[in-house]
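Engineer: I'd like to ask some things about the structure below.
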Amino acid sequence: MHRLRLIAATAALMTPLAVTGCGDDAPEPETAGDTAGSSSAFPVTLEHAYGETTIESEPERVATVAWANHEVPLALGVVPVGMAAVSWGDDDGDGVLPWVEERLEELGAETPALFDETDGIDFEAVAATAPDVILASYSGISEEEYETLSKIAPTIAYPDVAWGTSVQDMILMNSEALGLADEGEHLVEDLDATVAESYADHPELAGKNIMFTYIDPANLSQVGFYTTHDTRPGFLAAIGMGMPAVVTEASAGTEEFYVTRSAEDLDAFDDVDILVTYGDPEGDLVDTISKDPVLSQIPAVKEGHVAVLEDSTPLAASANPSPLSIGWGIDDYLSLLAEAA
18 MHRLRLIAAT AALMTPLAVT GCGDDAPEPE TAGDTAGSSS AFPVTLEHAY
68 GETTIESEPE RVATVAWANH EVPLALGVVP VGMAAVSWGD DDGDGVLPWV
118 EERLEELGAE TPALFDETDG IDFEAVAATA PDVILASYSG ISEEEYETLS
168 KIAPTIAYPD VAWGTSVQDM ILMNSEALGL ADEGEHLVED LDATVAESYA
218 DHPELAGKNI MFTYIDPANL SQVGFYTTHD TRPGFLAAIG MGMPAVVTEA
268 SAGTEEFYVT RSAEDLDAFD DVDILVTYGD PEGDLVDTIS KDPVLSQIPA
318 VKEGHVAVLE DSTPLAASAN PSPLSIGWGI DDYLSLLAEA A
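Sequential numbering of the sequence shown, starting at 18, is according to the working numbering.
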């Protein structure tokens, strides 16, 4: 099972708040070699899973690794010198998701150096960009990887649980490392307002318990689902949706972002109102699970409350909420869930 790090949405226009990040206080666009923040903010020390990182002076060259960290500086008008390439969800094969392409175009910037992370972090490629800081607050980097990156430049690792950093914490940590803490707080407020408005426009979702799953048609004996440590269900819980008891209990008992449960444990899924999964919306996944003698007994499946995110599309790739993807597609994503409800 591949490690999907993402939520959904087709091409809704990016809202002005998500584009500027900070309303009237948004900084002028910076190029990759320009200073990110204000010298008065430094030195700054951030705590994370592997200790503390101190950034002594304003970073002029910002590199990012792992998923979506580059969207924080971009939202705040700073163009990184390098960032991770994406393949899952990339609709045109250029290694850049559409909402990032739009932001780079707005800033009049070229695409930064792209790091191929197919087989892990490309340390040589990161070092070649000569960064002053490396942002990885949303990641699952190991301590060894953190130490290697730290030899290149001060590195901001995730705060607590691997791949469990909320979009808000990712913004706050990365923006503080850039000397743009106030702007980061404004960005969080703006995105929270955007999400709250969209959620209010979909009253069908109120009071519904949602389970974010990955169903393998080749093995229907197991139901795999994401815990609230993962940003997909974590985001949905934060905006007001309910979590089934099986998700809540599993999340309390592990730090893993993904677990499995035997499909035979039907009682565990009794309070699942909406089931969301990846697959082909025009394919036979829903038909397959609806005809399965066990899975078909899950109330959400029996009643047709299944939302399918088309695999490896921008819609699915925005399933992990990020600073730029939220404004790009939150309405379409919640509409998809509302239709299932």
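The C-beta atom is built at its ideal place from N, Cα and C for all residues, glycine as well.
Do you know whose CA, among E221, F274, V263 and S342, lies nearest G257's CA?
Structural biologist: Out of E221, F274, V263 and S342, E221 has the C-alpha closest to the C-alpha of G257.
Engineer: In its own chain, which residues sit with a C-beta less than 6 angstroms from the C-beta of A254, not counting the 5 before and 5 after it?
Structural biologist: Same-chain partners within the cutoff: T245 and M260.
Engineer: According to the neighbour-count rule (16 or more other Cβ atoms, all chains shown, within 10 Å of its Cβ), is G137 buried or exposed?
Structural biologist: Classification of G137: exposed, given that the 10 Å Cβ count is below 16.
Engineer: Just curious, the beta strand (DSSP E) that A324 is in, first and last residue?
Structural biologist: Its beta strand (DSSP E) spans residues V323 to E327.
Engineer: Bridge partners of S279, per DSSP?
Structural biologist: S279 is bridged to Q239.
Engineer: When you compare the CB positions of G106 and L131, do they come within less than 9 angstroms of one another, or not?
Structural biologist: Cβ distance not < 9 angstroms, so G106 and L131 don't count as in contact.
Engineer: Would E162 be called buried (16 or more neighbouring beta carbons within 10 Å of its own) or exposed?
Structural biologist: E162 should be labelled buried.
Engineer: Between the alpha carbons of S335 and L353, how many angstroms are there, rounded?
Structural biologist: C-alpha separation (whole angstroms): 13 angstroms.
Engineer: Could you check the C-alpha separation between V327 and L152 for me, to the nearest Å?
Structural biologist: Checking the sequence, you will find Glu at residue 327 rather than Val. Between E327 and L152, the C-alpha separation is close to 30 angstroms.
Engineer: Who are the Cβ neighbours of D42 in its own chain at under 7 angstroms, not counting the five residues just before and after it?
Structural biologist: Its pLDDT being 40, under 50, D42 is placed unreliably in this model, and the coordinates cannot settle the point.
Engineer: Please report the residue range of the beta strand (DSSP E) in which H296 lies.
Structural biologist: In the sequence on display, residue 296 carries Gly and not His. First-last of the beta strand (DSSP E) with G296: I291 to G296.
Engineer: Mind reading off the beta-carbon distance from E88 to S279? Whole number of angstroms is fine, and I expect it under 8 angstroms.
Structural biologist: E88 to S279, Cβ: 38 angstroms. No contact.
Engineer: If you run the structure through DSSP and keep just helix, strand and coil, what is E320?
Structural biologist: Three-state DSSP puts E320 in coil, outside helix and strand.
Engineer: Return the Cβ separation of V264 and M228 in integer angstroms, given the expectation that the two are a contact with Cβ distance under 8 angstroms.
Structural biologist: Sure, about 6 angstroms apart at Cβ, within 8 angstroms.
Engineer: Tell me the residue span of the beta strand (DSSP E) that contains T62.
Structural biologist: Run containing T62: V61 to H65, per the beta strand (DSSP E) assignment.
Engineer: Run through DSSP, which three-state label would A130 get?
Structural biologist: In the structure shown, A130 sits in a strand (DSSP, three-state: E or B).
Engineer: So does the segment 300 to 320 actually touch the segment 181 to 196, counting three or more Cβ pairs closer than 8 angstroms?
Structural biologist: In short, these stretches do not touch, since the Cβ pair count stays below three.
Engineer: With 16 other CB atoms within 10 Å as the buried threshold, where does P115 fall?
Structural biologist: It is buried - the Cβ of P115 has at least 16 other Cβ atoms within 10 Å.
Engineer: If you follow the beta strand (DSSP E) that I158 is in, where does it begin and where does it stop?
Structural biologist: That residue, I158, is in no beta strand (DSSP E); it is neither H nor E in DSSP.
Engineer: For P60 versus L195, is the C-beta distance shorter than 9 angstroms?
Structural biologist: In this structure, L195 does not lie closer than 9 angstroms to P60 by Cβ.
Engineer: From the DSSP output, in three-state form, read off G259 for me.
Structural biologist: Reduced to three states, the DSSP call for G259 is strand.
Engineer: Spatial neighbours of V289 within its chain, please: CB distance less than 7 angstroms, with the 5 preceding and 5 following residues excluded, ordered by chain position.
Structural biologist: Hits under 7 angstroms: N226, M228, P261, I315, P316 and A317.
Engineer: Any idea if A223 is buried or exposed, counting beta-carbon neighbours within 10 angstroms, 16 or more meaning buried?
Structural biologist: That one is exposed.
Engineer: For N191 and V311, what's the separation of their Cα atoms in angstroms?
Structural biologist: Approximately 45 angstroms, taken between the alpha carbons.
Engineer: Report buried or exposed for G50, applying the criterion of at least 16 other Cβ atoms within 10 angstroms of its Cβ.
Structural biologist: With a pLDDT of 43 at G50, under the threshold of 50, the modelled position of this residue cannot be trusted; read the value that follows with caution. Classification of G50: exposed, given that the 10 Å Cβ count is below 16.
Engineer: What did DSSP end up calling A58 once you bin it into helix, strand or coil?
Structural biologist: Helix.
Engineer: From E266 to E127, what does the alpha carbon distance come to, in whole angstroms?
Structural biologist: Going from the Cα of E266 to the Cα of E127 covers about 46 angstroms.
Engineer: Are the beta-carbon atoms of D149 and P171 separated by less than 9 angstroms?
Structural biologist: Yes; because the gap between Cβ atoms is below 9 angstroms, this pair is in contact.
Engineer: DSSP has I72 in a bridge; who is on the other side?
Structural biologist: In the DSSP output, where bridge partners are listed per residue, I72 has V61.
Engineer: Judging by CA-CA distance, which residue of G300, E281, E299 and Y295 is the nearest neighbour of D309?
Structural biologist: Here the closest residue by C-alpha is E281.
Engineer: With E188 as the anchor, note down where its alpha helix (DSSP H) starts and where it stops.
Structural biologist: The residue asked about is misnamed: residue 188 is Ile in this sequence, not Glu. Unbroken alpha helix (DSSP H) run through I188: V184 to A194.
Engineer: Determine whether the beta carbon atoms of E193 and L63 lie at a separation below 9 angstroms.
Structural biologist: Cβ atoms of E193 and L63: closer than 9 angstroms.
Engineer: Can you tell me which residues form a DSSP beta bridge with G99?
Structural biologist: Per DSSP, A80 and A130.
Engineer: Could you tell me the alpha carbon to alpha carbon distance between G110 and D284, rounded to whole angstroms?
Structural biologist: Between G110 and D284, the C-alpha separation is close to 43 angstroms.
Engineer: Bridge partners of E229, per DSSP?
Structural biologist: Glu is not the amino acid found at residue 229; the sequence shown has Phe there. Answer by DSSP bridge pairing, in chain order: V293.
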